[in-house]
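Q: The structure's right below; bear with me while I get my questions together.
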Amino acid sequence: MNTRLLTARAVTWGGAFLFLAAPLYLLLSGNGEVKTSTDPGAPTMSPAVVVAPLAIGLVLTWLIPPRTPRLEAPVVRPMRETWLMVASAVAFPVIAGGVVLAGVPNGGWYALLKLGVLLAVPLTALLLTRGSGPPKQRWHGLWRWLWPLPAVAVWAYTEYFSPLSGPALDPADYPDLVETAIIATLTFLTASVLEEVFYRRWLQTRLEARLGTTAGVILASLLFAAMHIPTHHPHTDPVANIAGVIAFQGLFGLFVGSLWARYRNIWIVIAVHTVTNAASLIPLYVS
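This is the structure:
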């Protein structure tokens, strides 16, 4: 058995264990709440409320196949590109955690760190290695837009309108409309767009080519979850904080990662991320 296959199996089974153990630990340890956002006034929610909509969307994504001829295996880019993406994904939470532990006030440093570690460094490296590997694959067709819609629609309904939706937010906890619009725009650019381009299009695609689809999606999702560890810590128990991030951000990564793996439509993935970040704001200003 070769090293790549062993690594893929270790990632798959180890990741599956973490995704199952995280919500279970929260429940058994008495830390049965998950912090889904660092926005002021954002509520904590039970693992069941957090997990159910994402799990439903994830299952539907894999049940509804892309209606297109069989896709070729992902193009294997140079190995150094994969290592660079993984190194950037690991470096971000390490640096961010150090800044938080140093007591630096919360401010624009987080967005600047994203731009540096998740955009400038990998983009520069990709530009320098352009032409050194096989050409990129391109997926075309209306199916990329139509077939993801059932999973996305059911997820959105379950997440925001069904009895499983989380508690409503208090408008008093949010700034005025103009300031909120500015924050939402910056969040869209640095979270919805930047994070999905890096973690899905750049990182996950290369991991899929090296380890296979399942292991690639799982590892990219865990690295995406790790990005949130320095800023999401509602519990005094550090293990519970990590479990909470895996239970929500990690599972969210599995959902959007599966959408990317199945349909290769980055705009659908960005749209889901945007809805997740912005949907809670809409009831505050629309009556």
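Quick note on my numbering: the sequence shown kicks off at 3 and runs consecutively. Glycine residues also receive a C-beta, built at the ideal position from the N, C-alpha and C atoms.
(1) Out of 274, 241, 272, state which residue places its alpha-carbon closest to the alpha-carbon of residue 31.
(2) For residue 101, I'd like the list of residues in its chain whose CB is within less than 7 Å of its CB, leaving aside the five on either flank, ordered along the chain.
(3) Given that a residue counts as buried once 16 or more other Cβ atoms are within 10 Å of its Cβ, and exposed if not, what is residue 90?
(4) What first and last residue would you give for the alpha helix (DSSP H) that runs through residue 113?
(5) Are at least three pairs of beta-carbons, each pair with one atom in the segment 112-128 and one in the segment 244-259, less than 8 Å apart?
(6) State the beta-bridge partners of residue 47 as determined by DSSP.
(7) Can residue 53 and residue 253 be called in contact, C-beta distance under 8 Å?
(8) To the nearest angstrom, how far is it from the Cα of residue 188 to the Cα of residue 280?
(9) At what residue ranges does the segment 177-219 contain a whole run of the beta strand (DSSP E), taking only runs of 3 or more?
(10) By the 10 Å Cβ neighbour count, where 16 or more other Cβ atoms means buried, how is residue 87 classified, buried or exposed?
(11) Are at least three pairs of beta-carbons, each pair with one atom in the segment 202-221 and one in the segment 231-239, less than 8 Å apart?
(12) For the alpha helix (DSSP H) that residue 266 lies in, which residues bound it at each end?
(13) What does the alpha-carbon distance come out to for the pair residue 271 and residue 63?
(14) Using only the alpha-carbon positions, how far apart do residue 193 and residue 146 sit?
(15) May I ask you to report which of helix, strand or coil DSSP gives residue 231?
(16) So for residue 167, helix, strand or coil by DSSP?
A: According to the structure data:
(1) Start at 1 with the first residue of the sequence shown, and residue 31 comes out as number 29. Residue 31 has its Cα closest to that of 241, out of 274, 241, 272.
(2) Your numbering for residue 101 matches position 99 in the sequence shown. Contacts found: 111.
(3) For the purposes of this step, residue 90 is taken as the residue at position 88 of the sequence shown. Buried: at least 16 other Cβ atoms inside 10 Å.
(4) Taking the sequence shown and counting its residues from 1, the one referred to as residue 113 is at position 111. Taken as a continuous stretch (DSSP letters only), the alpha helix (DSSP H) holding residue 113 covers 111-116.
(5) no
(6) Working through the sequence shown from its first residue, we reach residue 47 at position 45. Beta-bridge pairing links residue 47 to 36.
(7) Residue 53 sits at position 51 when you count from the first residue of the sequence shown. Residue 253 sits at position 251 when you count from the first residue of the sequence shown. Contact flag set, yes.
(8) As a first step, residue 188 must be located in the sequence shown, where it is residue number 186. As a first step, residue 280 must be located in the sequence shown, where it is residue number 278. Cα to Cα, the separation comes out at about 11 Å.
(9) none
(10) Position 85 of the sequence shown, counted from the first residue, corresponds to residue 87. By the neighbour-count rule (16 or more Cβ atoms within 10 Å), residue 87 is buried.
(11) no
(12) As a working mapping, residue 266 is identified with position 264 in the sequence shown. Residue 266 -> no alpha helix (DSSP H), and no H or E assigned at all.
(13) The count along the sequence shown starts at 1 and reaches residue 271 at position 269. The count along the sequence shown starts at 1 and reaches residue 63 at position 61. Each residue's Cα considered, the two are about 12 Å apart.
(14) For the purposes of this step, residue 193 is identified with residue 191 of the sequence shown, where counting begins at 1. For the purposes of this step, residue 146 is identified with residue 144 of the sequence shown, where counting begins at 1. Those two C-alpha atoms are separated by around 22 Å.
(15) Within the sequence shown, the letter at position 229 stands for residue 231. Three-state DSSP puts residue 231 in coil, outside helix and strand.
(16) Taking the first residue of the sequence shown as 1, we reach residue 167 at position 165. Looking at residue 167 - three-state DSSP - the assignment turns out to be coil, as it is neither helix nor strand.
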